[in-house]
Amino acid sequence: MAGAAATQVEQPTYFVEIEQIRRAEADTILILLSAVDQIPFLGGMDTACLDVAAFTFPNSIAQTRDYVEATRAMAPDNNSDFRFQLWETTLESDGANDFNLRYTSRWSEAADPTGWAAYHAVKILLETVLAVGTTDSDAIIPYLESPETTFDLLKGPGTSFRPWDHQLRQPLYVVPVGQDAEWIRSQLAARIGIVRYEATLPAYGGPDATSLLDQFGEGVDNSSCNF
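Following the numbering used here, the numbering of the sequence shown begins with 44 at its first residue and continues without gaps.
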């Protein structure tokens with residue numbers, strides 16, 4: 044690692060940090076800023092003509108197509124060519140295609156990760172209450188923590204909650220940004236077209252799905268998050 048720098052929340056400019064990147068001759072940078080701060084940072088890189096591959100933190104808003112378009116407009120040279128997402132509206136496997144079609148048909152919006160997450164959070168809670176027959180947390184928590192409990196979230200096998208940190212085991216998706224794709228806010232097909240599905244991380248399936256998904260996050264022996 045060539046270096047690291049801390050910033051303030053909603054810092055107006057990042058020219059000091061950008062100059063540090065230039066002096067360090069970094070090949071790649073990881074930007075762990077909020078969605079609000081990522082755009083001015085990338086825009087500052089454009090202004091400073093700093094051509095370094097940048098990977099941005101994929102918080103929920105930063106995974107939406109409106110946000111991707113905002114970064115394309117504000118930082119045409121330095122916005123990320125690839126992004127990591129919880130969901131992608133061009134997914135077709137494991138029932139994803141049906142969900143995406145129903146979502147886009149009803150709302151005339153892409154099924155971005157925020158929409159997928161909100162829907163399935165409610166679905167998980169409903170299925171759990173129906174399974175245990177009560178809304179009592181003393182019954183709900185053991186059910187969610189059970190190794191036998193899995194949920195069909197249209198992501199394939201193994202989606203379940205880790206008992207040691209309560210994180211949801213689930214794959215992520217790699218999506219390339221269509222840098223030259225035309226953005227027309229009033230046309231659904233154009234909005235969808237600036238991002239597309241390319242790969243699943245990890246590439247998994249079968250009886251080892253749960254152990255493969257546990258590659259994301261710390262194991263039970265190393266986790267500092269305890270409930």
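The C-beta atom is built at its ideal place from N, Cα and C for all residues, glycine as well.
Remember, it's a predicted structure, so these values are computed and weren't measured experimentally.
Next item on the list: Please report the residue range of the beta strand (DSSP E) in which Q128 lies.
Entry: Locating residue 128 in the sequence shown gives position 85, counting from the first residue. Membership of Q128 in the beta strand (DSSP E) is indicated by the continuous run F125 to Q128.
Next item on the list: Please look up how many angstroms separate the CB atoms of T132 and T147, rounded, as I've assumed it's under 8 Å.
Entry: As a first step, residue 132 must be located in the sequence shown, where it is residue number 89. As a first step, residue 147 must be located in the sequence shown, where it is residue number 104. At roughly 7 Å, the Cβ-Cβ gap stays under 8 Å, so T132 and T147 are in contact.
Notebook entry, point to check: Which residues mark the beginning and the end of the alpha helix (DSSP H) in which Y216 is found?
Noted result: Residue 216 sits at position 173 when you count from the first residue of the sequence shown. Careful: Y216 lies outside any alpha helix (DSSP H), inside the beta strand (DSSP E) at L215 to P219.
Margin query: So, does the region 203 to 220 touch the region 81 to 92, judging by three or more C-beta pairs under 8 Å?
Written below: No, because fewer than three Cβ pairs between the region 203 to 220 and the region 81 to 92 fall closer than 8 Å, the two stretches do not touch.
Check: To the nearest angstrom, how far is it from the Cα of G138 to the Cα of A252?
Finding: Here residue 138 corresponds to residue number 95 of the sequence shown, with the count starting at 1. Here residue 252 corresponds to residue number 209 of the sequence shown, with the count starting at 1. The alpha-carbon atoms of G138 and A252 are separated by roughly 17 Å.
Item checked: Beta-carbon proximity list for Y57, same chain, < 6 Å, skipping 5 on both sides -> Looking up residue 57 in the sequence shown gives position 14. Taken in chain order, the residues that qualify are F84 and G87.
Note to self: What does the Cβ neighbour count give for D109, buried or exposed, with the cut at 16 atoms within 10 Å?
What the structure shows: Here residue 109 corresponds to residue number 66 of the sequence shown, with the count starting at 1. Exposed, by the Cβ-count rule.
Checklist line | Cβ neighbour criterion (16 or more within 10 Å) applied to V220 | finding: For the purposes of this step, residue 220 is taken as the residue at position 177 of the sequence shown. Label assigned to V220: buried.
Check: Hey, quick one: how far does the beta strand (DSSP E) through F142 stretch, first residue to last?
Finding: By 1-based counting over the sequence shown, the position of residue 142 is 99. Per DSSP, F142 lies in no beta strand (DSSP E) segment; the continuous alpha helix (DSSP H) that holds it begins and ends at A139 to W150.
Item checked: Between the CA atoms of I183 and D264 - distance to the nearest angstrom -> Within the sequence shown, numbered from 1, the residue matching residue 264 stands at position 221. Within the sequence shown, numbered from 1, the residue matching residue 183 stands at position 140. So the two alpha carbons sit approximately 25 Å from each other.
Notebook entry, point to check: Less than 8 Å separating the beta-carbons of E170 and F194?
Noted result: For the purposes of this step, residue 170 is taken as residue 127 along the sequence shown, with counting starting at 1. For the purposes of this step, residue 194 is taken as residue 151 along the sequence shown, with counting starting at 1. Yes, the pair counts as a contact, with Cβ atoms nearer than the cut-off.
Item checked: Complete beta strand (DSSP E) runs within the region 185 to 230 (minimum length 3 residues, chain order) -> Considered as a whole, the region 185 to 230 harbours 215 to 219 as its complete beta strand (DSSP E) runs of no fewer than 3 residues, in chain order.
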